[in-house]
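Here is the structure we will look at, set down as C-alpha cells.
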Amino acid sequence: MAPTRGVRRVDVTGEAVDLLRRLTAAHGPLLFHQSGGCCDGSAPMCYPDGDLLLGDADVRLGDLDIGLDRAVPVWMSKAQFAYWSHTHLTIDVVTGRGAGFSLEAPYGVRFLIRSRLLTDEELRALPGPGVGGAV
Numbered sequence: 001m002a003p004t005r006g007v008r009r010v011d012v013t014g015e016a017v018d019l020l021r022r023l024t025a026a027h028g029p030l031l032f033h034q035s036g037g038c039c040d041g042s043a044p045m046c047y048p049d050g051d052l053l054l055g056d057a058d059v060r061l062g063d064l065d066i067g068l069d070r071a072v073p074v075w076m077s078k079a080q081f082a083y084w085s086h087t088h089l090t091i092d093v094v095t096g097r098g099a100g101f102s103l104e105a106p107y108g109v110r111f112l113i114r115s116r117l118l119t120d121e122e123l124r125a126l127p128g129p130g131v132g133g134a135v
C-alpha cells in the first residue's frame, strides 16, 4: 500500500491560527514547544523564536502553516516523543489562563493539545522527526 500523502504529526485549529497571527504581529516569528509536565501540565508553550534554547534533546514534530511568510515550528523533547510518537497533535485555543510562560497568557486564553492515535497507515507515511536546535 502506498503511503498517505500530506500526513503530519501536528495541526492547528482556525482559532489558534488567528491567535498565532496576532502574536506574530506583536512578537515576531514564533515557535511551540510541547512541554512535558512542568508549570501548566502538558501544554503547548508558544515563545518568540530564539527565546527557547533548543538542542539535541529536542525533536521537531513539524511546522504549522498560519498563512504568513514563515510557518511556526513545533518541538518536543526526545524523551516525551518516545511516549507520544504514535500520536497526532492538534493545537487549539480555549478561554482561560494557563499557568505557564506562553505568549498567549495575557490574552485570557491558553493553547491546548487535542490528540488522537495515528493510524498504522499514517505512521508508515510519516518521516522521522527533525532533531536538534537548527531550523
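In the numbering used here, the protein residues as written are 1 to 135.
The C-beta atom is built at its ideal place from N, Cα and C for all residues, glycine as well.
Confirm, please, whether the CB-CB distance from Pro48 to Phe111 is below 8 Å. Position 111 of the sequence shown, counted from the first residue, corresponds to residue 111. Position 48 of the sequence shown, counted from the first residue, corresponds to residue 48. Cβ distance not < 8 Å, so Phe111 and Pro48 don't count as in contact.
In angstroms, rounded to a whole number, what distance separates the CA positions of Leu89 and Leu20? Counting from 1 along the sequence shown, the entry for residue 89 is found at position 89. Counting from 1 along the sequence shown, the entry for residue 20 is found at position 20. Approximately 16 Å, taken between the alpha carbons.
Reference Ser115, options Tyr83, Arg22, Pro29, closest by Cα: Walking along the sequence shown from the start, residue 115 turns up at place 115. Restricting attention to Tyr83, Arg22, Pro29, the CA atom closest to the CA of Ser115 is found in Tyr83.
Can you tell me the Cα-Cα spacing of Phe32 and Asp92, whole angstroms? By 1-based counting over the sequence shown, the position of residue 32 is 32. By 1-based counting over the sequence shown, the position of residue 92 is 92. Distance between the alpha carbons of Phe32 and Asp92 is about 12 Å.
Is Leu118 near the ligand MG, going by C-beta to nearest heavy atom under 7 Å? The model depicted lacks the ligand MG and carries no ligand whatsoever.
Indicate whether Leu64 and Ala71 have their beta-carbon atoms separated by less than 8 Å. As a position in the sequence shown, residue 64 is number 64, starting the count at 1. As a position in the sequence shown, residue 71 is number 71, starting the count at 1. Yes, the pair counts as a contact, with Cβ atoms nearer than the cut-off.
Counting only the same chain and skipping the five closest in sequence on each side, list residues whose C-beta sits under 8 Å from that of Gly96. Taking the first residue of the sequence shown as 1, we reach residue 96 at position 96. Closer than 8 Å at the Cβ level, and outside the excluded window around Gly96, lie Gly108, Val109, Arg110.
Answer yes or no: do Thr24 and Leu68 have a C-beta to C-beta separation smaller than 8 Å? As a position in the sequence shown, residue 24 is number 24, starting the count at 1. As a position in the sequence shown, residue 68 is number 68, starting the count at 1. Yes, these two residues count as a Cβ contact at 8 Å.
In terms of residues, what are the limits of the alpha helix (DSSP H) holding Leu19? By 1-based counting over the sequence shown, the position of residue 19 is 19. Boundaries of the alpha helix (DSSP H) around Leu19: 14–27.
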